[in-house]
Amino acid sequence: MKRDEKAVYITFDDGPIPQATPWILDTLDHYGIKATFFMVGDNVRKYPELFADIKRRGHSVGNHTFNHIGFRTPTIKYLKNVRLANELIQTKLFRPPHGWMRRWQYLFLRHKYTIIMWDLVTRDYSKWIDAEDVVENVKKYARNGSIITFHDSLKSIEKLKTALPRCIEWLREQGYEFKKFDENMKWSRHLK
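The numbering of the sequence shown is our numbering, which starts it at 13 and goes up by one.
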């Protein structure tokens, strides 16, 4: 995003799930921050009340496929999986699982969706790092316009309980504004 603007975009992948989403939402409310949630369609199907709560609290939502499928999935099957998720999520924002997609997947999807990647993945899901490492990743790599990815998942929630508040507080101390993605935003050419 804009490098001349002191702002970051907080995003969460993989939810919603009852073991993580409510705590994340309450934490964002506590700090008065809106974020963008890239959700797995099957989780939205299983937990529609959490999906509704995310939207009710003013956060943006994006499609993260129905089953969190990988780019090695044949293109037609991949596109059907994205469409199935979007029947529930109803958004123009899309993020591919693992940040990868095949050329043909991209060429088809870019006509219907704004594809949002990231420049800072916190690795909060990794069993090889702890909450302090997550905080250090944010401190080391955040810059103007950063799209920061956390995960709304069982793998990350225990680390997030320590790391997310500390990351938010550090970013605030550095003077960053927090933004969410909006389907009606005017996008730079490099995002299309």
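Glycine included, each C-beta is placed from N, C-alpha and C at the ideal position.
Span of the alpha helix (DSSP H) around residue i
i	result
residue 142	Counting along the chain, residue 142 falls outside any alpha helix (DSSP H), and DSSP gives it neither H nor E.
residue 93	87-101
residue 177	169-185
residue 67	60-68
Run of the beta strand (DSSP E) containing residue i, from where it starts to where it stops
i	result
residue 49	48-51
residue 191	189-191
residue 75	72-75
Which of helix, strand or coil DSSP assigns to residue i
i	result
residue 42	helix
residue 125	coil
residue 33	helix
residue 16	coil
residue 157	coil
residue 163	strand
6 Å CB neighbourhood of residue i in its chain, flanking five on each side removed
i	result
residue 195	104
residue 81	93
Assigned exposure category for residue i - 16 Cβ within 10 Å defines buried
i	result
residue 8	This structure gives no information on residue 8, because the portion of the chain shown stretches from 13 to 204.
residue 26	buried
residue 167	exposed
residue 44	exposed
residue 42	exposed
residue 29	buried
residue 136	buried
residue 53	buried
residue 102	exposed
residue 119	exposed
residue 188	buried
residue 191	buried
Same chain, Cβ closer than 8 Å to residue i, five either side skipped, listed in chain order
i	result
residue 15	155, 156 and 157
residue 111	129, 130 and 133
residue 67	73
residue 161	23, 24, 25, 130, 132, 133 and 134
is_contact[residue i, chain C] using C-beta, thresh 8 Å
i	result
residue 181	Absence of chain C from the displayed structure is noted, only one protein chain being present.
Bridge-paired residues (DSSP) for residue i
i	result
residue 118	Note: residue 118 sits in no beta bridge, so no partner.
residue 132	160
residue 81	According to DSSP, residue 81 bridges with nothing at all.
residue 25	50 and 163
Cβ neighbours of residue i in the same chain (closer than 7 Å, five flanking residues each side left out)
i	result
residue 178	147
residue 171	136, 142, 143 and 146
residue 55	27, 28 and 29
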